[in-house]
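Engineer: Counting in my numbering, the sequence shown runs from 6 upward without gaps. By construction, the Cβ of each residue, glycine as well, lies at the ideal position given by its N, Cα and C atoms.
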Amino acid sequence: MEQVQKLKSINPKVSIIIPSYNHSKFIGKAIESVLNQTYQNFELLIIDDASPDNSVDVIKKYEDPRIKFYGFETNQGAVDTLNHGIINSSSEYIALLNSDDYWEIDKLEKQVHFLEESDSVDCVFSDANFIDEAGRVLSKTDYFWADAFTQNNKSSGQWLKQLFYKLNCFCHPSMLIKKEVYNEVGLYDPSLRQLPDFSMWINVIKKFNIHVMEEKLVNFRILSNEMNTSSVTYENRIRNKNELFIIMSNFFDEIKDEDFVEGFLDESNALYTKEEIECEKAFAYLKEISPDIKPIYVLIGLRKLSILLKNENTRRVLKEKYNFSANDFFAYTGKLDIIDVFETSFHQVVVESAKRKIQKDTNLYSTIRKFFKK
6 MEQVQKLKSI NPKVSIIIPS YNHSKFIGKA IESVLNQTYQ NFELLIIDDA SPDNSVDVIK
66 KYEDPRIKFY GFETNQGAVD TLNHGIINSS SEYIALLNSD DYWEIDKLEK QVHFLEESDS
126 VDCVFSDANF IDEAGRVLSK TDYFWADAFT QNNKSSGQWL KQLFYKLNCF CHPSMLIKKE
186 VYNEVGLYDP SLRQLPDFSM WINVIKKFNI HVMEEKLVNF RILSNEMNTS SVTYENRIRN
246 KNELFIIMSN FFDEIKDEDF VEGFLDESNA LYTKEEIECE KAFAYLKEIS PDIKPIYVLI
306 GLRKLSILLK NENTRRVLKE KYNFSANDFF AYTGKLDIID VFETSFHQVV VESAKRKIQK
366 DTNLYSTIRK FFKK
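#1: Do the CB positions of Asp-132 and Phe-154 come within less than 9 Å of each other?
#2: Taking only the alpha-carbon atoms, compute the straight-line gap between Lys-30 and Phe-225 and give it to the nearest angstrom.
#3: Pairs of beta-carbons, one from the stretch 159-167 and one from the stretch 265-272, closer than 8 Å: are there three or more?
#4: Would Cys-284 and Phe-329 qualify as a contact pair, given that the criterion is a beta-carbon distance under 9 Å?
#5: Among Glu-97, Asp-111, Lys-326 and Ile-21, which has the Cα closest to the Cα of Glu-121?
#6: Which residues in the same chain as Val-117 place their Cβ atom closer than 6 Å to its Cβ, once the five residues preceding and following it in sequence are excluded?
#7: Along the chain, where does the beta strand (DSSP E) containing Glu-114 start, and where does it finish?
#8: If you drop the 5 nearest sequence neighbours on each side, which residues of the same chain put their C-beta closer than 7 Å to that of Tyr-337?
#9: Measuring alpha carbon to alpha carbon, tell me which residue in Asn-27, Tyr-187, Phe-213 and Asn-46 is nearest Ile-52.
#10: Tell me the residue span of the beta strand (DSSP E) that contains Asp-85.
#11: Residues bridged to Cys-128 by DSSP?
#12: Check for me: the alpha helix (DSSP H) holding Tyr-170 runs from which residue to which?
#13: Express the C-alpha separation of Ser-125 and Lys-18 in angstroms, rounding to a whole number.
#14: Less than 6 Å between C-beta atoms, sequence neighbours within five positions excluded: which residues of the same chain meet that for Gly-33?
#15: Any idea if Arg-141 is buried or exposed, counting beta-carbon neighbours within 10 angstroms, 16 or more meaning buried?
#16: Is His-118 near the ligand SAH - that is, is its Cβ less than 8 Å away from at least one heavy atom of it?
#17: When the Cα of Asn-188 is compared with those of Ala-139, Glu-248, Asn-88 and Glu-109, which residue comes out closest?
#18: What does a CB cutoff of less than 6 Å around Asn-134 pick up in its chain, not counting 5 residues either side in sequence?
#19: If Phe-77 sits next to Ala-55, beta carbons under 8 Å apart, how far is it from one beta carbon to the other, in whole angstroms?
#20: Name the DSSP beta bridge partners of Glu-48, please?
#21: For Ala-151, count the other beta carbons within 10 Å of its own beta carbon; 16 or more makes it buried, fewer makes it exposed. Which is it?
#22: Could you check the C-alpha separation between Phe-213 and Glu-219 for me, to the nearest Å?
#23: Express the C-alpha separation of Asn-208 and Gln-199 in angstroms, rounding to a whole number.
#24: Does DSSP put Glu-285 in a helix, in a strand, or in coil?
#25: Under the assumption that Leu-49 contacts Val-61 (Cβ atoms under 8 Å), give the Cβ distance between them as a whole number of angstroms.
#26: Residues in its own chain within less than 6 Å of Glu-248 by CB, not counting five upstream and five downstream?
#27: When you compare only the Cα positions, how much space is there between Phe-351 and Asp-69?
#28: Could you say which of Ser-95, Ile-343 and Leu-291 lies nearest to Asp-333 if we only look at CA atoms?
#29: Report the partner residues of Leu-390 according to the DSSP bridge assignment.
#30: Can you pull the DSSP bridge partners for Asp-53?
#31: Apart from the five residues just before and just after Ala-275, which ones in its own chain have a Cβ nearer than 7 Å to its Cβ?
#32: Cβ atoms of Asp-127 and Glu-37: under 9 Å apart, would you say?
#33: With a threshold of 6 Å on Cβ separation, who are the neighbours of Glu-317 within its own chain once the five nearest residues in sequence on each side are excluded?
#34: Output yes or no for whether 9 Å exceeds the beta carbon distance between Ala-286 and Lys-309.
#35: Thinking C-beta only, is Ile-91 closer than 9 Å to Asn-41?
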């Protein structure tokens, strides 16, 4: 691994990490958006993951003393690249910027000020502009998910409920987070490729407080030709479901009882026993949810219920409070054919992938919307 280290800032407040891979066209803009920040007390760690293009040549043009460059000789993957940056960071706060995105000039200033003034928030996000390859800001008309990061702030319990039923809603490169959070919850899961940030936010919110600023402080680029890690390809779609199963199987592990009750239960002021809470967690997987992911949730829920039915105390609670017996469980297991469900899903992938490609092609999506409005 090649390492080129310039003179560091003395006691930088913020460590900014740019994982670089094959974005020579955009990484200069990303670096400049950091160097031109109105807040200047930072170090910039750039880790190139063996880019096949000339990204490294572009990076080395910048000779700011706050830059630390690491160049991998072989491709390690996005998670290992990001974790390498966190491990080698030396500041109180950590920020991330993708090598094809860029920040607004006052992004750091506003977020550092917010964390410095807040006694309770440990991680702050912001809203973001979605932009195309040319840097044009995309509206909801142009791009189906253009408002995905526009969020109202909530309690930890309500955030967890949203992540459970609606999945990720945070813009990763908008984050400014205390390094102590990573020290507590750990680094990003190297077994995940599509959803490592989603998994991280679940773990963070279980133990720390977050806040989303309403300003759009990040420009989040959508690339054509399926060049984003999150692009809707056949392979990514399958991997998304597998990773979702892994993450959601452990979603309620270590969640505080008060957060679960406040976020997931209608009668949040009622008193629940430990056994009742475990039953409610299992039933949460069986509630109405997007058809696309419902089979995953039902499978997890059935496994949770199977475990509860094996325990005398929870089996009694299931029967007495929820009128749920082994016969009801058998009815569920007789309805859901896991093999058939996933074979059907397999054939639907082509159709749904085409649909999402239309939504992702901003020009085509806009044209179709205008046509059907006529």
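Structural biologist: Result, derived from the coordinates:
#1: yes
#2: 15 Å
#3: yes
#4: yes
#5: Glu-97
#6: Tyr-44
#7: Taken as a continuous stretch (DSSP letters only), Glu-114 belongs to no beta strand (DSSP E), being part of the alpha helix (DSSP H) at 112-122.
#8: Leu-307
#9: Asn-27
#10: Segment 83-92 is the alpha helix (DSSP H) holding Asp-85; no beta strand (DSSP E) there.
#11: Ile-182 and Ile-215
#12: 161-171
#13: 19 Å
#14: Val-63
#15: exposed
#16: This structure does not include the ligand SAH; it has no bound ligands of any sort.
#17: Asn-88
#18: Val-142, Lys-221 and Asn-224
#19: 5 Å
#20: Ser-20
#21: buried
#22: 20 Å
#23: 16 Å
#24: helix
#25: At roughly 15 Å, the Cβ-Cβ gap does not stay under 8 Å, so Leu-49 and Val-61 are not in contact.
#26: Leu-197, Gln-199 and Leu-200
#27: Confidence at Phe-351 is low in this model, with a pLDDT of 48, below 50, so the placement of that residue should be treated as unreliable; the coordinate-derived value is given next. Phe-351 and Asp-69: Cα-Cα distance of roughly 50 Å.
#28: Leu-291
#29: This structure does not reach residue 390, given that the chain is present from 6 up to 379, and the question cannot be answered.
#30: Ser-25 and Gly-76
#31: none
#32: no
#33: none
#34: First, the amino acid is wrong: residue 286 is Lys here, not Ala. Contact: yes.
#35: no
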